[in-house]
Amino acid sequence: GESVGLHLPTLSVQEGDNSIINCAYSNSASDYFIWYKQESGKGPQFIIDIRSNMDKRQGQRVTVLLNKTVKHLSLQIAATQPGDSAVYFCAEFSRGSNYKLTFGKGTLLTVNP
Amino acid sequence: EPEVTQTPSHQVTQMGQEVILRCVPISNHLYFYWYRQILGQKVEFLVSFYNNEISEKSEIFDDQFSVERPDGSNFTLKIRSTKLEDSAMYFCASSGSNRDQPQHFGDGTRLSIL
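Heads up: the protein sequence lines correspond to chains W and V, in order.
Under this note's numbering, think of the first position of the first sequence as 5, with each following residue one higher.
Under this note's numbering, think of the first position of the second sequence as 211, with each following residue one higher.
Shown next, in the form of C-alpha cells:
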C-alpha cells in the first residue's frame, strides 16, 4: 500500500541554524511532492514542490531534495527563524490519482531563540 | 495574495444534526477539495470536485457527505446526521490545475460534535 511517513516527529534547532526535515515515501508511482507548513490553528501553507523528474529545487531559504532511488524527500531551511516553528508535512500525488494528496504524519520544528 | 477562506472557524453541533461547512476558493481556481484532520493525526483526503461534479473521493466520503458549488464563488461540504467521530478540522483547498499546480488550503473549520 502507499504511505508517506517522516523519520523524526520532532526537531529542535537554534535560531540561525539550518534545519533538515526528512520524509520517506513508499509509493514508487508518486511523481509530484509538496511540502506544507502548518502553524497552530491554521491550515497547511504551501512551501515548495518538486516533480519526480527533478532532484533538487530551491526557493527562498528553502531547498527540497528528492532521492527516488531510496524514496526519500527532504526539506532544508536555511538560517532558521522563530517564525519557522510549525509542523511540516510532506505530501504526494501518485500516478494513480489526479486529485488526491496523501499527507505524511508531520514533523514539529521548534526554533529556539 | 489570494487565499481560500472558510466559515465558520468553529462549529458545534449535536450528534445527529446536519452541518454545512462553507468555503470560498481562490477566484480563478477550477479544482476544489475537502480534507479533514482529526486531532493529532494526518491530513486526510475526502473529495475533489471539478466541473460541477465529484472527480475523486475517499472511502471516508460515504453517503453521509455531499459537496456542492451553489454559485460561482462558494463550495460547501454537507454532513448529514453527524456522528461523534466526525469531530475534526475540515480544510478546503483549491488549485488551478489538478496535478500541475499545488493545492492551497484555507485555515479550516473546527467541527465539534456533542
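Even for Gly, the Cβ is constructed at its ideal location relative to N, Cα and C.
Presumed contact (8 Å Cβ cut-off) between residue i and residue j, rounded CB distance
{"i": "Gly-318/V", "j": "Gly-110/W", "result": "The pair is not a contact, with the Cβ atoms about 15 Å apart (cut-off 8 Å)."}
{"i": "Pro-235/V", "j": "Asp-53/W", "result": "The Cβ separation is near 19 Å, so there is no contact."}
{"i": "Ser-23/W", "j": "Leu-112/W", "result": "Rounded, the Cβ-Cβ distance is 12 Å, inconsistent with contact."}
{"i": "Lys-56/W", "j": "Leu-70/W", "result": "Note that residue 56/W is Ser in the sequence shown here, rather than Lys. Confirmed, about 7 Å."}
{"i": "Leu-256/V", "j": "Phe-271/V", "result": "5 Å"}
{"i": "Ser-291/V", "j": "Gln-274/V", "result": "6 Å"}
{"i": "Lys-267/V", "j": "Ser-276/V", "result": "Actually they do not touch by this definition, with Cβ atoms about 10 Å apart."}
{"i": "Val-17/W", "j": "Val-115/W", "result": "6 Å"}
{"i": "Gln-216/V", "j": "Leu-324/V", "result": "Going by Cβ atoms, the distance from Gln-216/V to Leu-324/V rounds to 21 Å, so no, they are not a contact pair."}
{"i": "Glu-19/W", "j": "Pro-117/W", "result": "5 Å"}
CB contact flag (residue i, residue j, <8 Å)
{"i": "Phe-301/V", "j": "Gln-251/V", "result": "no"}
{"i": "Tyr-40/W", "j": "Ala-95/W", "result": "yes"}
{"i": "Ser-297/V", "j": "Ser-322/V", "result": "yes"}
{"i": "Asp-35/W", "j": "Phe-93/W", "result": "no"}
{"i": "Lys-142/W", "j": "Ala-28/W", "result": "Beyond the ends of chain W as shown, which are 5 and 117, falls residue 142/W; an answer cannot be given."}
{"i": "Gln-85/W", "j": "Thr-67/W", "result": "no"}
{"i": "Leu-240/V", "j": "Gly-306/V", "result": "yes"}
{"i": "Val-253/V", "j": "Phe-50/W", "result": "no"}
{"i": "Phe-315/V", "j": "Val-229/V", "result": "no"}
{"i": "Arg-320/V", "j": "Asn-284/V", "result": "no"}
{"i": "Cys-303/V", "j": "Tyr-245/V", "result": "A small fix is needed here, since residue 303/V is Ala in this sequence, not Cys. Cβ distance < 8 Å, so Ala-303/V and Tyr-245/V count as in contact."}
{"i": "Glu-295/V", "j": "Thr-286/V", "result": "no"}
{"i": "Ala-33/W", "j": "Gly-100/W", "result": "yes"}
Residue i: CB within 7 Å of a non-hydrogen atom of the ligand MN
{"i": "Tyr-40/W", "result": "What this structure holds is no ligand at all, so the ligand MN is not there to describe."}
Exercise. Counting Cβ pairs, one atom from each stretch, are 3 or more of them under 8 Å apart for the region 56-71 of chain W and the region 216-223 of chain V?
Worked result: no
Problem set entry | Those runs of the alpha helix (DSSP H) which lie wholly inside the region 45-78 of chain W and span at least 4 residues | none
For this session: Closer than 8 Å, Cβ to Cβ, to anything on chain W: give me those residues from the region 266-294 of chain V, in chain order.
Result: Glu-266, Ser-268
Problem set entry | Runs of beta strand (DSSP E) lying entirely within the region 215-289 of chain V, each at least 3 residues, in chain order | 215-217, 220-223, 229-234, 241-247, 253-260, 263-267, 275-278, 285-289
Problem set entry | Residues in the region 90-106 of chain W having any Cβ partner in chain V nearer than 8 Å | Phe-93, Ala-95, Phe-97, Ser-101, Asn-102, Tyr-103, Lys-104, Leu-105, Thr-106
Exercise. Along the region 221-253 of chain V, what residues have a CB closer than 9 Å to any CB found in chain W?
Worked result: Tyr-241, Tyr-243, Tyr-245, Gln-247, Gln-251, Lys-252, Val-253
Problem set entry | Near-chain V residues of the region 25-48 of chain W (beta-carbon distance less than 9 Å), N- to C-terminal order | Asp-35, Tyr-36, Ile-38, Tyr-40, Gln-42, Gly-45, Lys-46, Gly-47, Pro-48
For this session: Name, going along the chain, the residues of the region 294-317 of chain V whose beta-carbon falls closer than 7 Å to a beta-carbon of chain W.
Result: Phe-301, Asn-308, Arg-309, Pro-312, Gln-313, His-314, Phe-315, Gly-316, Asp-317
Exercise. Can you list, in chain order, the residues of the region 49-82 of chain W whose Cβ is nearer than 8 Å to any Cβ on chain V?
Worked result: Gln-49, Phe-50, Asp-53
For this session: Go through the region 287-324 of chain V residue by residue and report every complete run of the beta strand (DSSP E) that reaches 3 residues or more, in order.
Result: 298-305, 319-323
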